[in-house]
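To start, the structure itself, in structure tokens.
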Amino acid sequence: MIKVNEYFEGKVKSLGNELSGRSFSVGIIKPGEYTFGTKTKEHMEITHGEMEVILPDKTKKLYKKGDSFQVEPNVDFTAIAKKPVSYLCIYG
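Counting from 1, position 81 in the sequence shown corresponds to residue 102 in my numbering; the numbering is continuous, with no gaps.
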């Protein structure tokens, strides 16, 4: 079943599902700055646009289409988008 997720008053939306026992989501981030908390390990890939990401170790980097990064469980990271961005997130 497809799960619809909405965060930050609708400025971040995603559709979640499962494939081969792994959860994933595809989503869109509208321009803004957002801090997310993780429950599991997350592998994020930018599929359109670009966004700056501040990881828990305070590393700040610009990620563009095709770039990816990983975030460990139970931490916060910040995404800063100047234009709309789409992404794929694989959990676990």
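Just so it is clear, CB atoms sit at the ideal spot from N, CA and C, and this is done for glycine as well.
Point to revise | Distance CB(Tyr-108)-CB(Ser-44) smaller than 7 Å | key: no
Practice item. Flag this pair as touching only if the region 53–66 and the region 91–111 have three or more C-beta atom pairs under 8 Å; answer yes or no. Key: yes
Exercise for review: Pull up the distance between the alpha-carbon of Met-72 and that of Lys-24, whole angstroms please.
Suggested key: 24 Å
**Study point:** Alpha-carbon spacing of Lys-104 relative to Glu-39, whole angstroms
**Key:** 28 Å
Practice item. Determine the burial state of Ser-46: buried for a count of at least 16 other Cβ atoms within 10 Å of its Cβ, exposed for fewer. Key: buried
Point to revise | Residue from Pro-94, Lys-86 and Thr-68 with nearest C-alpha to Leu-76 | key: Pro-94
Practice item. Whole angstroms is fine: what's the gap from Leu-36's alpha carbon to Gly-48's? Key: 6 Å
Point to revise | Neighbourhood of Ile-58 by C-beta, 7 Å cutoff - its chain only, sequence neighbours within 5 removed | key: According to the sequence shown, residue 58 is Gly rather than Ile. So the qualifying residues of the chain are Asp-97.
Check your understanding: Who does Thr-80 pair with in a DSSP beta bridge?
Key -> In DSSP, Thr-80 forms no bridge with anything.
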